[in-house]
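First up is the structure itself, then whatever we jot down about it.
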Amino acid sequence: MNSLYFKNNKKSPVIIWLLFHLLLLLLASRGLPFKINTSLISILPESEETKELSRVETMYNDSLGSSMTILVGAADFEEARTVADDFYSELIYMENIQDISFEMDTEILDKYQNFLFEHRYRLLSPDTQTLLEAADVPALSERALITVFSPVSMGRLDHLEEDPFLLASDSLAYFLDQSVSSNTSMTLRDSVLTREFEGLHWVLVSMNYKGGAVDIELDSNPVPEILRVRDQLSNSDVEIILSGAPFHSYLSAAESKREITLLSTISSIFIIFLILYVFRSVLPLVFTISAILFGVVSGLASTLIFFDEIHIFTIVFGTSLIGISVDYSFHFFSEWSAANKTGKMIIKDVIPGIFVGLLTTMISYAAFIITSFPLLQQMALFSICGLFSTFLSVLLLFPYIKTAGERTVSCSNAALEKINLLRNRFSLSKISMLILSAGVLLFILFGMSRFELSYRLGDFYTMSDQLLSWEQKSASILAHESSGIHLIVEADNLDDCLTLEESLRDDLSRLGDEKLLKSYMSLSRFLPSRRTQDYNLSLVETVIMPSIEEQMSILGLETAVPSDGFADPPRYLELDDMNTLLPGSLLRSLHISRIADSYYTSILLFGVQDNAVIKDLSGKYQGVYLVDRVRDTETVLKDLSRLMIKIILISYILIFIGLSLRYKWKKALLIVGIPVISSLITLSVFMLAGVPVNLFVIVGLILIPGMGTDYLILLFESGKRGNRVMLSISMSFLTTVLAFGMLSFTSIASLFGMTVSLGIAWTYLITLLCSSMPILRDES
Numbered sequence: 032m033n034s035l036y037f038k039n040n041k042k043s044p045v046i047i048w049l050l051f052h053l054l055l056l057l058l059a060s061r062g063l064p065f066k067i068n069t070s071l072i073s074i075l076p077e078s079e080e081t082k083e084l085s086r087v088e089t090m091y092n093d094s095l096g097s098s099m100t101i102l103v104g105a106a107d108f109e110e111a112r113t114v115a116d117d118f119y120s121e122l123i124y125m126e127n128i129q130d131i132s133f134e135m136d137t138e139i140l141d142k143y144q145n146f147l148f149e150h151r152y153r154l155l156s157p158d159t160q161t162l163l164e165a166a167d168v169p170a171l172s173e174r175a176l177i178t179v180f181s182p183v184s185m186g187r188l189d190h191l192e193e194d195p196f197l198l199a200s201d202s203l204a205y206f207l208d209q210s211v212s213s214n215t216s217m218t219l220r221d222s223v224l225t226r227e228f229e230g231l232h233w234v235l236v237s238m239n240y241k242g243g244a245v246d247i248e249l250d251s252n253p254v255p256e257i258l259r260v261r262d263q264l265s266n267s268d269v270e271i272i273l274s275g276a277p278f279h280s281y282l283s284a285a286e287s288k289r290e291i292t293l294l295s296t297i298s299s300i301f302i303i304f305l306i307l308y309v310f311r312s313v314l315p316l317v318f319t320i321s322a323i324l325f326g327v328v329s330g331l332a333s334t335l336i337f338f339d340e341i342h343i344f345t346i347v348f349g350t351s352l353i354g355i356s357v358d359y360s361f362h363f364f365s366e367w368s369a370a371n372k373t374g375k376m377i378i379k380d381v382i383p384g385i386f387v388g389l390l391t392t393m394i395s396y397a398a399f400i401i402t403s404f405p406l407l408q409q410m411a412l413f414s415i416c417g418l419f420s421t422f423l424s425v426l427l428l429f430p431y432i433k434t435a436g437e438r439t440v441s442c443s444n445a446a447l448e449k450i451n452l453l454r455n456r457f458s459l460s461k462i463s464m465l466i467l468s469a470g471v472l473l474f475i476l477f478g479m480s481r482f483e484l485s486y487r488l489g490d491f492y493t494m495s496d497q498l499l500s501w502e503q504k505s506a507s508i509l510a511h512e513s514s515g516i517h518l519i520v521e522a523d524n525l526d527d528c529l530t531l532e533e534s535l536r537d538d539l540s541r542l543g544d545e546k547l548l549k550s551y552m553s554l555s556r557f558l559p560s561r562r563t564q565d566y567n568l569s570l571v572e573t574v575i576m577p578s579i580e581e582q583m584s585i586l587g588l589e590t591a592v593p594s595d596g597f598a599d600p601p602r603y604l605e606l607d608d609m610n611t612l613l614p615g616s617l618l619r620s621l622h623i624s625r626i627a628d629s630y631y632t633s634i635l636l637f638g639v640q641d642n643a644v645i646k647d648l649s650g651k652y653q654g655v656y657l658v659d660r661v662r663d664t665e666t667v668l669k670d671l672s673r674l675m676i677k678i679i680l681i682s683y684i685l686i687f688i689g690l691s692l693r694y695k696w697k698k699a700l701l702i703v704g705i706p707v708i709s710s711l712i713t714l715s716v717f718m719l720a721g722v723p724v725n726l727f728v729i730v731g732l733i734l735i736p737g738m739g740t741d742y743l744i745l746l747f748e749s750g751k752r753g754n755r756v757m758l759s760i761s762m763s764f765l766t767t768v769l770a771f772g773m774l775s776f777t778s779i780a781s782l783f784g785m786t787v788s789l790g791i792a793w794t795y796l797i798t799l800l801c802s803s804m805p806i807l808r809d810e811s
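Pasting the structure below:
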């Protein structure tokens, strides 16, 4: 077996290599144990609004992103209810599940009733408040009498002597409607929320995951257990659908994990096969795989140094590093297998071309760091450091490799003959080249005439068919009409937030009257500000109390004057009290918390018809911010895409200027022109095939010149070694296309991988066509 060969005892290159990697690992170890982020929401770029409220939005997204719903459907209501009850019985024993909402039993109703009775003077429903403001005592009295003598009533009458106008009962109906079944089509039946839809009775079970993003590595992750219970309870008569971000995060992360394993395995097997086939030696295989492994480890370490966590999609993108970093090893071993050369002699020959290629690729990736897209930033850092590590391995370790044997030289020459045969087949006459060039130009003009950028969020994540079906059906059953838009309210304290919300509610109600907004939900609808609580109390004191005796007489009760609720000092309703009244998931989505010196609450908007009107409304108030995550993100994607296009143009210009300093302008133009043509052909193919050209496509286009220019640069730098360089270029082409081509089959990076693989494929084919041109034989 071949072994390392050290010509002398000068170990300084090895020491430098060791120090670099040890320093990276040492710095990265400070963040151990590191976390792999699997949240889909966290990969989105931030708008100016979300940047300003980044910490607030993070907490808000964690709250909304933790909610999950289970809908159980059956032709018979009792069967659907029974299965839902069985599911609930399993859920209550699962770790990291909280705020499970299923049955509104007597105990829960009693809790609501007791709470509302205790605070009946300060916590009035809007209808009650309106009647009190109009001093319409007869209407209040009649409403109470109807409830008292109704054969079916949700209100309890055991406090009738103390609450003859049944203020608490009216509040109960209001709060149940607002907090339990608000903004959905579900209604209470037999103490559960249900709806009949498409011939089935659907029963709702809702809950929350205790964390934000679901970590697929957690043993206590509830999603796998929920999926197991679903499969266990489902049958031909019962349909169970799941909805919520935790299911998406878990399933997409699990799929990404499988993709990472599959992509890495296939790429590694292909590289092993290619190296053994071309060189018929274990030595190139050992050094190449080692360089790749250290490159991947270095990429992970550098990402963890600058980021608190690494996103799982960064690792998916990072698998392409295997196909890129192996290029440097191929360039070395192609020369190594040519003749009896030492490693140091080979490095002197190949390092100029490899170094220029490294710079162009790193510059391409560096463009992503200036974006506000966390996923691209992580991917860029991962790839840059990984490539640099691989380059250092080739530069500092490979010179110590012993010379190749005769069998290796013979096998590599055989592979080279096949490459030359392929080059000869691509050798065209001048007339044929002109005809082909004209055809390509017409194809590009026809395709690019349809060029259009896409900014839809749906283009960035491909939902599985099952998840898509569940989400669509859940939305239809619940008829939630969520607009994805909310208002953030900021003030010095919580009570000021509530006061500001109450001012906003007048405008929001007006928009509802104008059919511009279906509904909204805010904390102040459940927890009035102290000013409003005092106002409610004064209404009760001036309108209700003088009429108590008459109302008691009508009810046939002994006259009594309820005094509770008028304590001095006053007993204000506080946020902690809401834990008794509101589901935890709803409370967390409405009350964000205190951050630094400010308090934040949110107002959820449903059925928004005109976003501009809501934006104008938020502009009227200081401390109110409109957050339209979908529209804001699509706007950012639009701006980023345009910025990336400018970066592409600038990078081509800079590359041309830089190459012109080393080569003649014709050579520089040829080097730059080939990836330009390749990119335009790729875009034209996408346009004609109806493939959306989004930010990930633009990102792929940026990488094409970084990697595509390497081919001609290496040919120009090789001089008389051009044939041998074609072997390494061909091997690099195969591994690069494979690595990025495999990404085409992933859920998140499909368009990115497709763009780069097609672009590099066109670049290689055009390089083959141009490799026999006289300009390549001109060494000046």
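Numbering (our numbering), first residue to last: 32 to 811. For every residue, glycine included, the Cβ atom is placed at its ideal position computed from N, Cα and C.
DSSP state of residue i mapped onto helix, strand, coil
i, result
"K698", "helix"
"L35", "Low local confidence applies: a pLDDT of 41 at L35 is under 50, so the model's placement there is unreliable, and no value is given."
"L122", "helix"
"Y795", "helix"
"D194", "coil"
"F557", "coil"
"L219", "strand"
"K66", "strand"
"V658", "strand"
"Y551", "strand"
"R153", "coil"
"L231", "strand"
"A244", "The pLDDT assigned to A244 is 49, lower than 50, so where the model puts this residue is not dependable, and the model offers no usable value."
"M376", "helix"
"L621", "helix"
"E810", "The predicted position of E810 is uncertain, since its pLDDT is 47 and thus under 50; a value taken from the coordinates is nonetheless stated next. Note: E810 maps to coil in three-state DSSP."
Member of the options whose CA lies at the smallest distance from the CA of residue i
i, options, result
"I31", "L774, L636, I676 and S458", "This structure cannot settle anything about residue 31, because the visible part of the chain is limited to 32 through 811."
"E109", "V234, M125 and E533", "V234"
"K546", "G638, I462, P559 and F557", "G638"
"S156", "V327, L198 and Y652", "L198"
"S781", "F717, F747 and L800", "F717"
"S333", "S553, S624 and L53", "L53"
"L668", "F687, F727 and I139", "F727"
"T666", "Y486, P736 and I67", "Y486"
"V703", "K449, I797, R562 and N524", "I797"
"Q653", "L531, A170 and I415", "L531"
"L352", "T563, I323, S495 and E134", "I323"
"K66", "L331, Q129 and G354", "L331"
"N725", "M757, I779, I705 and A770", "I779"
6 Å CB neighbourhood of residue i in its chain, flanking five on each side removed
i, result
"S420", "F325, G326 and S329"
"A411", "Y396, F399 and I400"
"S811", "With a pLDDT of 44 at S811, under the threshold of 50, the predicted position of this residue should be treated as unreliable, though the coordinate-derived value follows. None."
"L163", "L570 and V574"
"A175", "F196 and L197"
Same chain, Cβ closer than 7 Å to residue i, five either side skipped, listed in chain order
i, result
"M762", "L305, V309 and F361"
"G275", "S98, M99 and T100"
"S526", "Ser is not the amino acid found at residue 526; the sequence shown has Asp there. Cβ within range, chain order: S560 and R561."
"T713", "T786, L789, G790 and W793"
Close beta carbons around residue i, own chain, < 8 Å, minus the five adjacent residues each side
i, result
"I382", "L426"
"T345", "T334, L406, Q409, M410 and F413"
Report yes or no: do the region 702 to 714 and the region 402 to 410 share at least 3 C-beta pairs separated by less than 8 Å? With contact defined as three or more Cβ pairs closer than 8 Å, the region 702 to 714 and the region 402 to 410 are not in contact.
What residue ranges within the region 104 to 151 form continuous beta strand (DSSP E) runs of no fewer than 3 residues, ordered along the chain? 128 to 132
Start-end ranges of the alpha helix (DSSP H) lying completely within the region 707 to 782, minimum 4 residues: 726 to 749 and 753 to 774
Which ranges does the alpha helix (DSSP H) cover as unbroken runs of at least 4 residues, wholly within the region 288 to 350, from first to last along the chain? 313 to 337 and 343 to 349
Contact between the region 268 to 283 and the region 740 to 747: three or more CB pairs below 8 Å? No, the region 268 to 283 is not in contact with the region 740 to 747.
Does the region 460 to 479 come within contact of the region 689 to 699, defined as at least 3 CB pairs closer than 8 Å? Cβ pair count under 8 Å is below three, so no.
With three or more beta-carbon pairs closer than 8 Å as the criterion, would you say the region 367 to 379 touches the region 280 to 292? no
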